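To start, the structure itself, in structure tokens.
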Amino acid sequence: LNGEEDYIVKPFDVMTLLVRIEKVLDRAGKLDQILRFSNITIDLQEHTVRRDEAEILLKPMEFEVLVLLVRHKNRTIPRDKILNEIWGTDFFGDTRTVDVHIANIRKKLGVDGLIKTIPKYGYRLEG
2 LNGEEDYIVK PFDVMTLLVR IEKVLDRAGK LDQILRFSNI TIDLQEHTVR RDEAEILLKP
62 MEFEVLVLLV RHKNRTIPRD KILNEIWGTD FFGDTRTVDV HIANIRKKLG VDGLIKTIPK
122 YGYRLEG
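Each residue of the sequence shown is one higher than the last, beginning at 2 in the numbering used here.
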């Protein structure tokens, strides 16, 4: 917000105030729906990913893994945490599932070195 957007000339009616508050909250909510990292933009509401201006088509679970990595950028996330967060604690698959999804994300994003493998532990989004 800047000073012009949140200034109301007195006297004002309650409806004017409510409309202004709604606009500010709406704008703030939309900002929370966008994640950015490097040249990657993720729209959580639209479930879209863009690298620069090009849309990258990710499968739903790939999208969720990428969102998790972006939300924890520059921190190493263990494979089992990724598995539990995305697939749930009652998933009986192998942690290799995470590796396959990471490989697919890397390939689709086409950005080398963005997602680092931490051997025998997990992954870290760096940038």
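All C-beta atoms in this analysis are idealised placements derived from N, C-alpha and C, irrespective of residue type, glycine included.
Model, not experiment: these values are computed from the prediction.
Taking a C-beta distance under 9 Å as the contact criterion, Ile57 and Val50 qualify as a contact pair. Counting every other CB atom within 10 Å of its CB across the protein chains shown gives Gly123 a total of 16 or more, marking it as buried.
Glu65 sits away from Asn105, with the two beta carbons spaced by 9 Å or more. Here the alpha carbon of Leu70 sits roughly 45 Å from the alpha carbon of Val10. Residue state for Glu54 is assigned as coil, using DSSP reduced to three classes. Counting only unbroken stretches of 3 or more residues, the beta strand (DSSP E) elements lying wholly within the region 81-124 are 116-119, in sequence order. Distance from the CA of Thr118 to the CA of Arg97, rounded to the nearest whole angstrom, comes to 13 Å. Boundaries of the alpha helix (DSSP H) around Leu69: 61-72. Contact check for Gly111 against Arg52 passes: the beta carbons are separated by less than 9 Å. Taking Thr77 as reference, the option from Lys24, Glu127, Asn40 with the minimal CA-CA separation is Glu127. In summary, Ile22 is exposed, with fewer than 16 beta-carbon neighbours lying within 10 Å of its beta-carbon over all protein chains present. In terms of CA proximity to Asn40, Ala55 leads the group Ala55, His48, Gln34.
In the three-state scheme derived from DSSP, where H, G and I count as helix and E and B as strand, Ile22 is classed as helix.
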